[in-house]
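Peer 1: First to last, the sequence lines map onto chains H, L, Z and E.
Note that numbering that gives the first Met the number 0 gives residue 359 to position 360 of the first sequence, counting from 1, and the numbers run on in steps of one.
Note that numbering that gives the first Met the number 0 gives residue 427 to position 428 of the second sequence, counting from 1, and the numbers run on in steps of one.
Note that numbering that gives the first Met the number 0 gives residue 278 to position 279 of the third sequence, counting from 1, and the numbers run on in steps of one.
Note that numbering that gives the first Met the number 0 gives residue 378 to position 379 of the fourth sequence, counting from 1, and the numbers run on in steps of one.
One structure coming up, written as structure tokens, with questions to follow.
There are 4 protein chains.
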Amino acid sequence: MSGIVGIFSAEKNHVSPVIYYGLYALQHRGQVSTGMAVNNNGFIDYIKDLGLIHEVVSKESLERFRGNIAIGHVRYAAQFEAKNKVNAQPLVVGYRRGALAIAMDGSIVNFRSLRDEMEDSGSIFQTDLDTEVIAALIAKYHKDDLSEAMIKSLKEVRGSYAIVAMTSERMVAARDPHGIKPLSIGKLDGDYMIASESCAFDAVGADFVRDVEPGEIIVIDKDGLKSIYKESAKRSLCIFELVYLARPDSIMDEKSVYMARFEVGKRLYREFPETEADIVIGAPDSGIVAAIGYAEASGIPYAEGMIKNRYVGRTFIEPTQEIREQGVRIKLNPLKENIRGKRLVLVDDSIVRGTTMKRTVEMLKNAGAKEVHVRIASPPVMHSCHLGVDTPSEENLISSRMGISEVAEEIGADSLYFISLEGLVAATGGDNGFCKGCFSGSYPVDKE
Amino acid sequence: MSGIVGIFSAEKNHVSPVIYYGLYALQHRGQVSTGMAVNNNGFIDYIKDLGLIHEVVSKESLERFRGNIAIGHVRYAAQFEAKNKVNAQPLVVGYRRGALAIAMDGSIVNFRSLRDEMEDSGSIFQTDLDTEVIAALIAKYHKDDLSEAMIKSLKEVRGSYAIVAMTSERMVAARDPHGIKPLSIGKLDGDYMIASESCAFDAVGADFVRDVEPGEIIVIDKDGLKSIYKESAKRSLCIFELVYLARPDSIMDEKSVYMARFEVGKRLYREFPETEADIVIGAPDSGIVAAIGYAEASGIPYAEGMIKNRYVGRTFIEPTQEIREQGVRIKLNPLKENIRGKRLVLVDDSIVRGTTMKRTVEMLKNAGAKEVHVRIASPPVMHSCHLGVDTPSEENLISSRMGISEVAEEIGADSLYFISLEGLVAATGGDNGFCKGCFSGSYPVDKE
Amino acid sequence: MSGIVGIFSAEKNHVSPVIYYGLYALQHRGQVSTGMAVNNNGFIDYIKDLGLIHEVVSKESLERFRGNIAIGHVRYAAQFEAKNKVNAQPLVVGYRRGALAIAMDGSIVNFRSLRDEMEDSGSIFQTDLDTEVIAALIAKYHKDDLSEAMIKSLKEVRGSYAIVAMTSERMVAARDPHGIKPLSIGKLDGDYMIASESCAFDAVGADFVRDVEPGEIIVIDKDGLKSIYKESAKRSLCIFELVYLARPDSIMDEKSVYMARFEVGKRLYREFPETEADIVIGAPDSGIVAAIGYAEASGIPYAEGMIKNRYVGRTFIEPTQEIREQGVRIKLNPLKENIRGKRLVLVDDSIVRGTTMKRTVEMLKNAGAKEVHVRIASPPVMHSCHLGVDTPSEENLISSRMGISEVAEEIGADSLYFISLEGLVAATGGDNGFCKGCFSGSYPVDKE
Amino acid sequence: MSGIVGIFSAEKNHVSPVIYYGLYALQHRGQVSTGMAVNNNGFIDYIKDLGLIHEVVSKESLERFRGNIAIGHVRYAAQFEAKNKVNAQPLVVGYRRGALAIAMDGSIVNFRSLRDEMEDSGSIFQTDLDTEVIAALIAKYHKDDLSEAMIKSLKEVRGSYAIVAMTSERMVAARDPHGIKPLSIGKLDGDYMIASESCAFDAVGADFVRDVEPGEIIVIDKDGLKSIYKESAKRSLCIFELVYLARPDSIMDEKSVYMARFEVGKRLYREFPETEADIVIGAPDSGIVAAIGYAEASGIPYAEGMIKNRYVGRTFIEPTQEIREQGVRIKLNPLKENIRGKRLVLVDDSIVRGTTMKRTVEMLKNAGAKEVHVRIASPPVMHSCHLGVDTPSEENLISSRMGISEVAEEIGADSLYFISLEGLVAATGGDNGFCKGCFSGSYPVDKE
């Protein structure tokens, strides 16, 4: 998963702060590396490195990177991927038509065969990125300008993607034909912006205009924004964006992420209303919104059950095994006073491996909870994703290995209920198209 | 404000991880500097610098700092104080009896006269810290061992303080006679710990034993823990610890911070129940608990009204005025979908200058809120603190300058209500002694 | 200019220290960036960044980079070149046959037309490096193994170069047909090494074996070293290597750099023996050896006339104009006691712009020198180099703009003499082939 | 050993660049830590840390530290001393009269008893520095202004020292009664400067005025420079300053360091002229000047015998034992072409432990030298110094353990000769007073 953002300004000559604050709003989509590229009078400057936006871009850099067109990227690295600098984006290359910067969120399923084909004809590759393959395709079609080259290139590509690319004259954005990855258009003082999520527009004071449509390619240049291509396919937004990935204050394919999660919480109660409990708590941070919904629907009071240390960050020294066995509660601390002797409903967004939930239930019981009823705001995750979400292989998915009652026993819950797939979809406001592959095994784009 | 922690182990020779995770749990008490001192076979090593614990202490340092006695400190710097390295604590000095490390939370009101007196007799001072004056007093009484010297020294001192000091043989902890500053005793595998708040014990798997009593001085050495002195005065714990300063999962003078805030929320409704509203929201993060209490008492549904960017940190590049005027919402973004057209109750812990609340109300109204009813979980702050809480001078306290209805108008609220002082005290479970000076102007220790 | 080094070991699995100390010995060939690539069980790891070897490679990195084949590079950046990370070498790419690392010293004169041609067929380029063009050529010939591909690639290339490349199985080294750039073969405990200069072999305790011949391509693999190609052209080693670029303790095309410079100093006296002087001094550091030779030939005592601050380095804050005008002598300080009232012979390796020499003469005169007779150990530099030496354009070469007597006047010398080109060549031990283009304007390879 | 510098300007308000370049010139006197303190309108700002001047003081810091009075310090740490930040100087303290900054080169022999006495009266100490004791003494005499307090304080102190101290109004400089440590006065555009060596004046374009006399205390303020005290004792400048410590371009107690070393070289030959050799070489860098003198006196040609890597610095990764055994020549590489088959005279400044000289002789012989005749420009070092020069204890001094012929055998020299003490003294231009304790065992100030 990654986050991308771009802006084209007809008049301003210093748009990099827009990228900075836009990426800051999208940092939840990737914490491994950050980068931005800026058109500086026909020359594309860039800065990228491992780290968060505030670590990679100093005040001095932000001041120095001046120009009217810019794109940015934050990167999440899957567990098997190298966390090295060379895979930071945007990728900036020179080709027949000059400099090209490109950033992408997604996963190209025919990456290997495309790269093999290009290596067969003598290409070299300097990163492990899908993005480099897209750049190489654009270069292959260098007789066409960037707009046409993007159309031709993406015809060869299968997978999930949201792309933003720029030359010193224009910006092109594209979303895969199924719209698996989100991408939106915004407007700031008359200038068009592109971002993975609408919260990036809010961050900089821009207005949300519309989603980029599945399969749509748009161009932004001094004449404004034009939709230059639209390939129709069944809309299949990754439903995990609504369940977990996106920020709650984002709007995505016309759905409010917060309202969807809140509604799932309500339905979670309604689908299985028999539970008796004293308080409803959410697992910080991802289960909070659904827990509030559950509380409202059930009439059981919402409460906080655990306090998250707000300085939790990536550079923290992990405790040694010895210290861990002393029962440390560094990141999460149960609110003993609030849960002792109580029957809890614990709401979380999903169960993947089951190990975190097991530790949480154990911690709550040790803190005195009488009962812990686990309610999950998504169906059991049973399939690994090849379209850009970093789920583990199936043998590591607890719901793929055992039935619900066994999972309940394994995690130590007094009861366990997952929302139904229908319930989840209904909570989003009706099925105008989702990829539900991780639950159902059926994906809009097959593995290669 | 600061946070302090200490551990004395009879058997373990590597207690610095306990300080590390203890300080990590207390980081909310100070983000300007961090430090720790460790007894390494009779020699006191230390590391301290500007920054958060994870920035100051590397994995390598943590491994290298070995020993059986250690203390740590995180420092908040008041607005007028220099944020320089030299004021980082613990302070480590040599005196007649060898090395002494000392860390303190609090404010010595007769600092200037004590320091003047010692300068008159030829002393030099290398920091701006109250702590250095305490160290100098201990040295003055060097004929006595640390325990006796601490007793004699503190008799000369007036103010609020929680102190932990160590030599290579023992640890001494002290709390001011009014108990204005909190300090607790914990136990980890048979070893005694000291910490500003009990959440530090939870972080490392230690058990809470009891509070250090107001005016008590304790010594921990190879023979265990001894209470060596107790000066009686009226208990006056800073009530702002419960309102805002402490972590909600801490227990302080036998009061649960979470339960107190939750109860304040309930009473806030009951004291002024006429409000009609659609949802109750809390100002992140400090108003959340009271908002949950308010919702439970009122039956009005609790909801989230604003999303806080979870990467907000101190090294962020602040937006320029120009960018700010575009209406950026970098740290907090209102949940438009959730508040549009609704009547909100907005709960926050306090109003100090009034500027933040004004911006928040404005943001919620711009996002479509029909009404914003502000409810404050503490009385109006009308007096500046000289005992260690960083409140601005009175002319900058909005409630000192104007009446409640004027404040309501100034911040743009449709209604405004502050909890009564009696209500606040009652919510804590009854008045076993508080400093309420910022509300009432009456302090347990006068200014010099 | 750059420095390159490589080692292939049949048995050792940790050759990166050899690269580290080898590059340390070659640091004078480039201070802008440093890098190394190591074959780690079939995967090529690399580290590279702006900075000197000791800044780029930490002890921890050196420990971590394990493997049996490795290459390294230090880079000098010409004045017009960007000093950015992306141009650090070795370049590591993936192509049809797997990973390839390549490092180069030199200048490809048909760089632009080769790159244009490849861009025409759809290639992208991610750096400004000649090296990337070589890598792309090798990829173009990917049907052949690295050895054959290198032969075919270099047939398309015109210019000066010394190249070392590696896959996870072999190392290939090549020197341009004229041998403009130096390259040598060494042997360390039975393992073959490659280096720009023989001083890198001394640094690691290796033995010098022989120079790579002009136009020769060699392969080193588990079967040892093989010469696989030899293209004959007129040997034309850049004579500036002997005059200035190389370290005095290197042997290059069978010439000792020290002995050549020493001999030039002697001939410089003999060609123009009339000068009467009290002492002979050299300009630190590049004129010292020739000055010693001059002293020996003339019988005039050798002395030090200026002391160089031995902490002079690249990160020094340059004095402002205001401070400079106070007559600061930060890098070089004349030894007043030693030169006051004396007639000096000042020997330097070359005069390029003339500005440094002018300042030096002025400084010596201000320090009390009665006469300053400048003797230069190379002929007047009159032409700019397009083969990899960073000389300024001709209008900035003082000897291109004016005659010797005018130069003498401009720099304030009491007399000025340049060694003759014949004298310089003779001093090297006889003309077995040099590029003398900067003096004569006649280059072995034309500009494109 | 340390280096100190100071400037008082009546009119300029930005003197910190003078300190920066002054310390840069004195960096050879200490590489462990660097610092400077500046009077900023009555408030003394300072910056100090481990590292060289260019590492500690950034361009931004240099710009920010503004003021009209400033002092600076570079610190060498003896082998037994901690290399930690807290011992960086200048020391800046507050006392009865305000802020005081102080920096010192030297060693107080009654440090322990002075500190004990002050600890007895209740003082605390925060560093291991002699300087802190001086500051505490000045504070003891706080009823007197800095000038008087310095006079009274230094009466209590025994040892070697050069001190510069400042308040926001004046600067005081002092040199110990024997003048063991050097200290000079310079003038820059009408402003007085103080520095350990005159080369610091040259660096900033200042003129040398005179040495501070042994036992003299001077004050510089807006009324200019005044000598306020002079205690007479036998002048005893550390002769090792001339032999090794000082920069050759410095003038010290009216002696040119370069000329002294050059003259020693000449006398070294004349005292023992029988040697037959082909060339004279110096050990880089400290033996070079004497070698040039030896060559001139003997008529044997001066030559370079070893090349020093000019990037040798303190952060270099030391080779492992394994690598060292391969015969690495990382820092020094013999010039084989120049020494093969030759009889060498090798001149160095001193032999202390003997280990370096043994390795050097071995390296030269391995490189083909037929004979190596070692000539030392100082007498045998037989006694350890307690006055501030970091010599090892006597059991580690090779000349303390064995006679000259045994030393010759141990280091592998074909012959060995040390200059006589009389010769050394005569070479300096006559004995106007030296401390020769390391040779004779007789020191001007006894150990405590």
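Backbone N, C-alpha and C fix where the C-beta goes; we use that ideal spot for every residue, glycine too.
Computed from a predicted model, the values in this text were never measured in an experiment.
Count the other CB atoms within 10 Å of the CB of residue 194 (chain Z); is the residue buried (16 or more) or exposed (fewer)?
Peer 2: Answer is buried; the Cβ neighbour count reaches 16.
Peer 1: Using beta carbons (cut-off 7 Å, strictly below), is residue 271 (chain H) in contact with chain Z?
Peer 2: It does not; no Cβ of chain Z falls within 7 Å.
Peer 1: Based on the DSSP output, what are the partners of residue 211 (chain H) in its beta bridges?
Peer 2: BP columns for residue 211 (chain H) are empty, so no partner.
Peer 1: Tell me, please, whether the CB atom of residue 334 (chain E) is closer than 7 Å to any CB atom in chain Z?
Peer 2: Closer than 7 Å to some Cβ of chain Z, the Cβ of residue 334 (chain E) qualifies, so yes.
Peer 1: Taking residue 136 (chain L) and residue 152 (chain L) to be in contact with their CB atoms under 8 Å, please state how far apart those CB atoms are, rounded to whole angstroms.
Peer 2: The Cβ separation is near 4 Å, so the contact holds.
Peer 1: Determine, using beta-carbon pairs with one atom in the segment 358 to 367 of chain H and one in the segment 230 to 250 of chain L, whether at least three such pairs fall under 8 Å.
Peer 2: Result no; under three Cβ-Cβ pairs closer than 8 Å.
Peer 1: Taking only beta-carbon positions, decide if residue 124 (chain E) is within less than 7 Å of chain L.
Peer 2: Closer than 7 Å: yes.
Peer 1: Quick one, which residues of the segment 124 to 148 of chain H are near chain Z if we go by CB-CB under 7 Å, in chain order?
Peer 2: Under the 7 Å Cβ criterion, the segment 124 to 148 of chain H contributes 124, 125, 134, 135, 138, 139, 141.
Peer 1: Can you find the residues in the same chain that come closer than 6 Å, C-beta to C-beta, to residue 294 (chain E), ignoring five residues on each side of it along the sequence?
Peer 2: Excluding residues within five positions, the ones whose Cβ falls inside 6 Å are 279, 301.
Peer 1: Can you give me the Cβ contacts of residue 393 (chain Z) inside the same chain, cut-off strictly under 6 Å, excluding the 5 residues immediately before and after it?
Peer 2: Same-chain partners within the cutoff: 383, 399.
Peer 1: Does the beta carbon of residue 16 (chain E) sit closer than 7 Å to a beta carbon anywhere in chain Z?
Peer 2: Chain Z, which has a Cβ nearer than 7 Å to the Cβ of residue 16 (chain E), makes this yes.
Peer 1: How about residue 68 (chain Z) and residue 38 (chain Z): do their beta carbons lie closer than 7 Å?
Peer 2: Yes, these two residues count as a Cβ contact at 7 Å.
Peer 1: Under 8 Å, CB to CB, which of the residues in the segment 180 to 194 of chain H have a partner in chain L?
Peer 2: Per Cβ criterion, the list reads 187, 188.
Peer 1: Counting only C-beta atoms, is residue 95 (chain Z) closer than 7 Å to chain H at any point?
Peer 2: Judged by the 7 Å Cβ criterion, residue 95 (chain Z) is in contact with chain H.
Peer 1: Whole angstroms is fine: what's the gap from residue 265 (chain L)'s alpha carbon to residue 277 (chain H)'s?
Peer 2: Between residue 265 (chain L) and residue 277 (chain H), the C-alpha separation is close to 17 Å.
Peer 1: Less than 7 Å separating the beta-carbons of residue 145 (chain H) and residue 171 (chain H)?
Peer 2: Yes, Cβ-Cβ distance for residue 145 (chain H) and residue 171 (chain H) is below 7 Å.
Peer 1: Does the CB of residue 326 (chain H) have a neighbour CB from chain L at under 7 Å?
Peer 2: Cβ-Cβ to chain L under 7 Å: yes for residue 326 (chain H).
Peer 1: State the DSSP-derived secondary structure class of residue 169 (chain H), mapped to helix, strand or coil.
Peer 2: Residue state, collapsed to three classes: coil.
Peer 1: Could you name the residues that DSSP lists as bridge partners for residue 198 (chain H)?
Peer 2: According to DSSP, residue 198 (chain H) bridges with nothing at all.
Peer 1: Taking Cβ positions only, does residue 421 (chain Z) come closer than 7 Å to chain H?
Peer 2: With 7 Å as the cut-off, residue 421 (chain Z) does not count as an interface residue toward chain H.
Peer 1: Between the alpha carbons of residue 447 (chain H) and residue 330 (chain L), how many angstroms are there, rounded?
Peer 2: Using only the alpha carbons, I get a separation of about 42 Å.
Peer 1: Show which residues of chain L have a CB atom less than 7 Å away from the CB atom of residue 121 (chain E).
Peer 2: Here the neighbours are 138, 139, 141.
Peer 1: State yes or no: is the C-beta of residue 49 (chain Z) within less than 7 Å of the C-beta of residue 84 (chain Z)?
Peer 2: Yes, the pair counts as a contact, with Cβ atoms nearer than the cut-off.
Peer 1: Residue 140 (chain E) and residue 271 (chain E) - do their beta-carbons sit closer together than 7 Å?
Peer 2: For residue 271 (chain E) and residue 140 (chain E), no; Cβs fall outside 7 Å.
Peer 1: Could you list which residues in chain Z have their beta carbon closer than 8 Å to that of residue 92 (chain H), in chain order?
Peer 2: The answer, in chain order, is 123, 124, 125.
Peer 1: Tell me the rounded alpha-carbon separation between residue 31 (chain Z) and residue 310 (chain Z).
Peer 2: Whole-angstrom Cα-Cα distance: 18 Å.
Peer 1: Helix, strand or coil for residue 267 (chain L) per DSSP?
Peer 2: The answer is helix: DSSP assigns residue 267 (chain L) an H, G or I state.
Peer 1: Nearest to residue 355 (chain H) by alpha carbon, out of H:345, H:201, H:410, H:262?
Peer 2: With distances taken between Cα atoms, residue 355 (chain H) lies closest to H:410.
Peer 1: Using C-beta distances below 7 Å, list every residue in its chain close to residue 202 (chain E), excluding the 5 sequence neighbours before and after it, in chain order.
Peer 2: Result list for residue 202 (chain E): 20, 21, 23, 24, in chain order.
Peer 1: Quick check on DSSP: helix, strand or coil for residue 22 (chain Z)?
Peer 2: If DSSP states are grouped into helix, strand and coil, residue 22 (chain Z) belongs with the helices.
Peer 1: Alpha carbon to alpha carbon, how far is residue 445 (chain H) from residue 154 (chain H)?
Peer 2: So the two alpha carbons sit approximately 16 Å from each other.
Peer 1: In this structure, does DSSP put residue 163 (chain H) in helix, strand or coil?
Peer 2: Of the three classes helix, strand and coil, the one that applies to residue 163 (chain H) here is strand, per DSSP.
Peer 1: Is it right to say residue 441 (chain H) is buried, meaning 16 or more other beta carbons lie within 10 angstroms of its own, or is it exposed?
Peer 2: Per the 10 Å Cβ criterion, exposed.
Peer 1: Can you tell me where the alpha helix (DSSP H) with residue 338 (chain E) in it begins and where it stops?
Peer 2: Where residue 338 (chain E) is concerned, the enclosing alpha helix (DSSP H) stretches over 335 to 338.
Peer 1: Would residue 118 (chain E) pass as an interface residue toward chain L - the criterion being a Cβ-Cβ separation below 7 Å?
Peer 2: With 7 Å as the cut-off, residue 118 (chain E) counts as an interface residue toward chain L.
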